[in-house]
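Chemist: At position 304 of the sequence shown the residue is numbered 303 (numbering that gives the first Met the number 0), and the sequence of numbers has no breaks.
Virtual Cβ for every residue (Gly too), placed ideally from N, Cα, C.
Here the structure is a predicted model, which means the values were calculated and not measured.
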Amino acid sequence: MMVSENNISGKKILVVGELLVDIISDENIESLAVASQFSTIQGGSSANLCANLKWLGVEADLVATVGEDNLGIFLINELKAIGLSDRYIHQAPHRQTSVVLVAKNNHRPDFIPYRSADFAIRRVADELIEAADIVHTTAFALSREPARRNIMTALAKAHQMGKSISIDWNFAPSIWQDDDGKEVLKKILKLNPLLKVSVDDLERFVGQSFSVEESVEWLDRLDAAAICLTCGKHGVWYKSNKLSWKYKNAIPVETVRGVTGAGDAFWSGFLSAFIQEKPMDECINKGLEVARLKIEKPYPLYKK
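Structural data, given as structure tokens:
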């Protein structure tokens, strides 16, 4: 296992969001209807990003909630094994650790969430926010109460303290249920965030099929410190501080071993460069490099 021991920037990222169990099909399949064998791994976009940051040499803490059960213990042990602290992982009585079933494939993985503990995130301590330089969360984490209220409060406090806000808008209607998420995103945009969204995320959020050009046009209306539109094997469109959009190709991959987690890998690479105050182009290059590394591995970057 490769774990970085050095803090490359002398700064810290606080991640507030989902820690859950991913139960992933062993073979590439089109849907869960034909799945037969699965493997159990630590998952959750927020937790994966935090683990990737640690692997990349960035000091990071995770605030999350799991159930008071053996799956929760499994997740805590996994975090500790890769060098992350479990100090801010709450084990909630009377809740079950959240689980997501995933059908692995090279396109759009089919998934079914079974949620309980992950959205029971508690109030984030002011001293944790104060100690961070960037506070990150996800649309998944913001989809349910009380997590939404407590995370939004933490983001607002971080913004008031002059911290950077980071959001992976990994929106899915099945996660948000009857809420379209628009009011939540509107509030986050007032905090001048670093915004990452994929073409698929945006289609699900807007509720219609978009070309890449239409996606860029839609996002151009938003005010944010930076916007990254990830397009899978077709690269990334990005802009910062109301400047013009730029495009970079994805780095060629020798063998596709697993696309699940590639978006988290990209954003962890981006943030690892951003926190070192690298230019936007270098942040994108780092993100693409880390995403390529993940796609070429069937397991998380911080494993083996």
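May I ask you to verify whether the region 135 to 142 touches the region 64 to 75, counting CB pairs closer than 8 Å and requiring at least 3?
Modeler: Contact fails: fewer than three Cβ-Cβ distances are below 8 Å.
Chemist: Using CA atoms only, rank isn't needed, just tell me which of Cys230, Leu218, Phe118 is closest to Leu242.
Modeler: In the sequence shown, residue 242 corresponds to position 243, counting from 1. Here the closest residue by C-alpha is Leu218.
Chemist: Applying the criterion that 16 or more other CB atoms from any shown protein chain within 10 Å of the CB defines a buried residue, is Gly43 buried or exposed?
Modeler: The count along the sequence shown starts at 1 and reaches residue 43 at position 44. Classification for Gly43: buried.
Chemist: Does Gly231 come out as helix, strand or coil in the three-state DSSP assignment?
Modeler: On the sequence shown, residue 231 is found 232 positions in, with the first residue counted as 1. In the structure shown, Gly231 sits in a helix (DSSP, three-state: H, G or I).
Chemist: Mapping DSSP to helix, strand and coil, what is Gln159?
Modeler: Working through the sequence shown from its first residue, we reach residue 159 at position 160. Note: Gln159 maps to helix in three-state DSSP.
Chemist: Alpha carbons only, please: which of Ile150, Glu129, Ala124, Leu127 is nearest the one belonging to Phe118?
Modeler: Position 119 of the sequence shown, counted from the start, is the residue given in the question as residue 118. The shortest C-alpha separation from Phe118 is found at Ile150.
Chemist: Give the C-beta separation of Ala140 and Leu190 to the nearest angstrom, bearing in mind that I take them to be a contact with Cβ-Cβ under 8 Å.
Modeler: Residue mapping note: residue 140 aligns to position 141 of the sequence shown, counting from 1. Residue mapping note: residue 190 aligns to position 191 of the sequence shown, counting from 1. Rounded, the Cβ-Cβ distance is 15 Å, inconsistent with contact.
Chemist: On the criterion of 16 or more Cβ atoms from any shown chain inside 10 Å, does Val15 qualify as buried, or is it exposed?
Modeler: Translated into positions along the sequence shown, residue 15 becomes position 16. Burial call: buried.
Chemist: Cα separation between Ser24 and Val258?
Modeler: Here residue 24 corresponds to residue number 25 of the sequence shown, with the count starting at 1. Here residue 258 corresponds to residue number 259 of the sequence shown, with the count starting at 1. Near 13 Å, if we compare the C-alpha coordinates of Val258 and Ser24.
Chemist: Using a Cβ distance threshold of 8 Å, determine whether the region 32 to 51 contacts the region 263 to 280, with at least three qualifying pairs required.
Modeler: The region 32 to 51, when compared against the region 263 to 280, does touch it at the 8 Å Cβ threshold.
Chemist: For the alpha helix (DSSP H) containing Pro172, list its first residue and its last residue.
Modeler: Working through the sequence shown from its first residue, we reach residue 172 at position 173. Here the alpha helix (DSSP H) through Pro172 covers 172 to 175.
Chemist: Can you find the residues in the same chain that come closer than 8 Å, C-beta to C-beta, to His93, ignoring five residues on each side of it along the sequence?
Modeler: Taking the first residue of the sequence shown as 1, we reach residue 93 at position 94. The residues are Glu67.
Chemist: List the whole-angstrom C-beta distance separating Lys245 from Gly234, where the pair is believed to meet the contact cut-off of C-beta under 8 Å.
Modeler: As a working mapping, residue 245 is identified with position 246 in the sequence shown. As a working mapping, residue 234 is identified with position 235 in the sequence shown. Rounded, the Cβ-Cβ distance is 10 Å, inconsistent with contact.
Chemist: Which of helix, strand or coil does DSSP assign to Ile72?
Modeler: Counted from its first residue, the sequence shown places residue 72 at position 73. Ile72: helix per DSSP, three-state reduction.
Chemist: From the DSSP output, read off the bridge partner residues of Pro112.
Modeler: As a working note, residue 112 is residue 113 in the sequence shown. Val99.
Chemist: Could you spell out where the alpha helix (DSSP H) holding Glu202 opens and where it closes?
Modeler: For the purposes of this step, residue 202 is identified with residue 203 of the sequence shown, where counting begins at 1. Segment 198 to 205, the alpha helix (DSSP H) holding Glu202.
Chemist: Which residue marks the beginning of the beta strand (DSSP E) containing Gly42, and which one marks its end?
Modeler: Locating residue 42 in the sequence shown gives position 43, counting from the first residue. Here the beta strand (DSSP E) through Gly42 covers 37 to 42.
Chemist: What three-state label does DSSP hand Ala124 in the structure shown?
Modeler: By 1-based counting over the sequence shown, the position of residue 124 is 125. Coil.
Chemist: Can you have a look at Ala124 and say buried or exposed, based on whether 16 or more other CB atoms are within 10 angstroms of its CB?
Modeler: Start at 1 with the first residue of the sequence shown, and residue 124 comes out as number 125. Exposed.
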